[in-house]
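Engineer: Sharing a structure, written as structure tokens. Questions coming.
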Amino acid sequence: MTQTSAGMPDYGNWVSTRLIIVPATFSLLFAGLSALLPLLVIVAALFWFVALYFAVARHLFSPRGKDVQGQVRGLLLSTLDWNGEGQALDIGCGNGFVTIAVAKQYPSAQVTGIDNWGERWQYGERKCETNAQLEGVADRVAFRRASAADLPFDDESFDLVVSNFVFHEVGGVKDKKELVREALRVVKKGGRFAIQDLFMWKQVYGDPDDLLEAVRSWGVREVTLIDTSKATFIPAVLRLPFMLGTAGILIGEK
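Each residue of the sequence shown is one higher than the one before, starting from 6 at the first, in the numbering used here.
Put into structure tokens, the structure is as follows:
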């Protein structure tokens with residue numbers, strides 16, 4: 006859902022406008038310079054193609070397009086097998102969509118959303134709080150700035166931990182499996198987790214079987230990896246590895 010009026014929440018778009026504007030600007034720059042060096046028209050065309058790709062992707066992710074963004078989030082929410090009692094954590098909450106959705110899905114739960122809200126993203130804590138207010142769950146959610154690599158919580162603090170397409174974006178952590186490990190650290194024994202990311206991309210997470218073996222070695226009682234990259238609503242143009250072509254959901258019980 007994007008903002009259509011003052012009374013509607015704004016959950017933004019995963020494809021930042023910068024991903025369109027920057028390559029489009031370079032395309033125009035090199036197109037101008039091609040008058041001096043004709044071969045630069047090839048470079049200009051490449052940048053224009055990149056800008057066009059992200060423009061199409063942004064449209065498909067939006068509710069005005071195919072609402073792929075909302076449907077992908079729906080995949081994560083549909084896997085939650087939780088009684089809704091206790092504390093939940095959303096790691097990398099962005100504009101608060103999943104945090105708020107969990108609070109709405111489980112009326113007895115208290116939900117915390119954390120994010121680093123870096124400059125490259127058009128998100129922020131204030132926007133999260135506004136969205137929660139508009140959705141009527143402000144009394145049961147809290148937002149705070151924190152890093153997924155170093156969660157400011159004690160071991161076994163939460164009954165449910167969720168995260169949606171965050172870990173592959175976290176800088177400074179070469180082995181992304183360590184981010185999964187940090188997330189599981191704060192899950193209570195008997196608690197649930199559901200984490201969606203590019204888990205099928207071997208260049209990022211290694212072999213999926215090795216990932217599952219690692220998770221089990223961390224004391225997790227039950228874990229399953231669901232390949233969500235084949236979801237029928239995902240258009241072919243979004244099935245590239247760095248988009249949704251390697252998506253998966255890691256779910257289980259600690």
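Glycine included, every Cβ here is placed at the ideal spot set by N, Cα and C.
Mind checking who residue 258 pairs with in its DSSP beta bridge?
Structural biologist: Your numbering for residue 258 matches position 253 in the sequence shown. DSSP output for residue 258 lists 197 and 227 as bridge partner(s).
Engineer: Only counting the same chain, and skipping five residues up and downstream in sequence, which positions put a Cβ closer than 6 Å to that of residue 152?
Structural biologist: In the sequence shown, counting from the first residue as 1, residue 152 sits at position 147. Closer than 6 Å at the Cβ level, and outside the excluded window around residue 152, lie 121.
Engineer: So is residue 32 buried or exposed if we call it buried at 16+ other beta carbons inside 10 Å?
Structural biologist: Residue mapping note: residue 32 aligns to position 27 of the sequence shown, counting from 1. Residue 32 is buried by the Cβ-count criterion.
Engineer: Which residues in the same chain as residue 58 place their Cβ atom closer than 8 Å to its Cβ, once the five residues preceding and following it in sequence are excluded?
Structural biologist: Residue numbering aside, residue 58 sits at position 53 when the sequence shown is read from its first letter. These residues qualify, in order along the chain: 242.
Engineer: Suppose the cutoff is 7 Å on Cβ atoms and the five residues either side in sequence are ignored; what does the same chain contact list for residue 86 look like?
Structural biologist: As a working mapping, residue 86 is identified with position 81 in the sequence shown. Here the set comprises 197.
Engineer: Near residue 115, which residues of its chain fall below 6 Å by C-beta distance, leaving aside the five closest residues on each side in sequence?
Structural biologist: Taking the sequence shown and counting its residues from 1, one reaches residue 115 at position 110. Taken in chain order, the residues that qualify are 92 and 145.
Engineer: What three-state label does DSSP hand residue 52 in the structure shown?
Structural biologist: One-based indexing of the sequence shown puts residue 52 at position 47. Of the three classes helix, strand and coil, the one that applies to residue 52 here is helix, per DSSP.
Engineer: Entirely within the region 150 to 228 and at least 4 residues each: give me those alpha helix (DSSP H) ranges in chain order.
Structural biologist: 182 to 190, 207 to 210 and 213 to 222
Engineer: Quick one: residues in its chain with C-beta nearer than 7 Å to the C-beta of residue 157, no 5 flanking neighbours on either side, listed in chain order?
Structural biologist: On the sequence shown, position 152 is the one that residue 157 refers to. 151.
Engineer: Considering only residues of the region 76 to 158, which uninterrupted alpha helix (DSSP H) runs meet the minimum length of 4 residues and lie entirely inside it, listed in chain order?
Structural biologist: 102 to 110 and 130 to 140
Engineer: Buried or exposed: which applies to residue 136, given that a residue is buried once 16 or more other Cβ atoms fall within 10 Å of its Cβ?
Structural biologist: If you number the sequence shown from 1, residue 136 lands on position 131. Flag for residue 136 reads buried.
Engineer: With DSSP as the reference, label residue 37 as helix, strand or coil.
Structural biologist: For the purposes of this step, residue 37 is taken as the residue at position 32 of the sequence shown. Residue 37 falls in the helix class under three-state DSSP.
Engineer: To the nearest angstrom, how far is it from the Cα of residue 27 to the Cα of residue 48?
Structural biologist: Counting from one through the sequence shown, the residue named residue 27 turns up at place 22. Counting from one through the sequence shown, the residue named residue 48 turns up at place 43. Their Cα atoms are separated by approximately 14 Å.
Engineer: Using CA atoms only, rank isn't needed, just tell me which of 131, 142, 154 and 134 is closest to residue 107.
Structural biologist: Residue 107 sits at position 102 when you count from the first residue of the sequence shown. That would be 142, whose Cα lies nearest to the Cα of residue 107.
Engineer: Roughly how far, in whole angstroms, is the beta-carbon of residue 234 from the beta-carbon of residue 257, given that I think they are within contact range, below 8 Å?
Structural biologist: Taking the sequence shown and counting its residues from 1, the one referred to as residue 234 is at position 229. Taking the sequence shown and counting its residues from 1, the one referred to as residue 257 is at position 252. That pair is no contact at about 19 Å.
Engineer: Nearest CA to the CA of residue 52: which residue from 133, 222 and 25?
Structural biologist: Taking the sequence shown and counting its residues from 1, the one referred to as residue 52 is at position 47. For residue 52, the nearest C-alpha among the options comes from 25.
Engineer: What number of angstroms, rounded off, separates the C-alpha of residue 219 from the C-alpha of residue 191?
Structural biologist: Translated into positions along the sequence shown, residue 219 becomes position 214. Translated into positions along the sequence shown, residue 191 becomes position 186. Cα to Cα, residue 219 sits roughly 17 Å from residue 191.
Engineer: Who are the near neighbours of residue 72 in its chain, counting only those whose CB is closer than 8 Å to its CB and skipping five residues on each side?
Structural biologist: Position 67 of the sequence shown, counted from the first residue, corresponds to residue 72. Answer for residue 72: 66, listed in chain order.
Engineer: Which same chain residues end up closer than 6 Å to residue 9 when comparing Cβ atoms and leaving out the 5 residues on each side of it in sequence?
Structural biologist: As a first step, residue 9 must be located in the sequence shown, where it is residue number 4. At residue 9, the pLDDT of 44 sits below 50, so the modelled position is not reliable; the number obtained from the coordinates is stated separately. Closer than 6 Å at the Cβ level, and outside the excluded window around residue 9, lies no residue.
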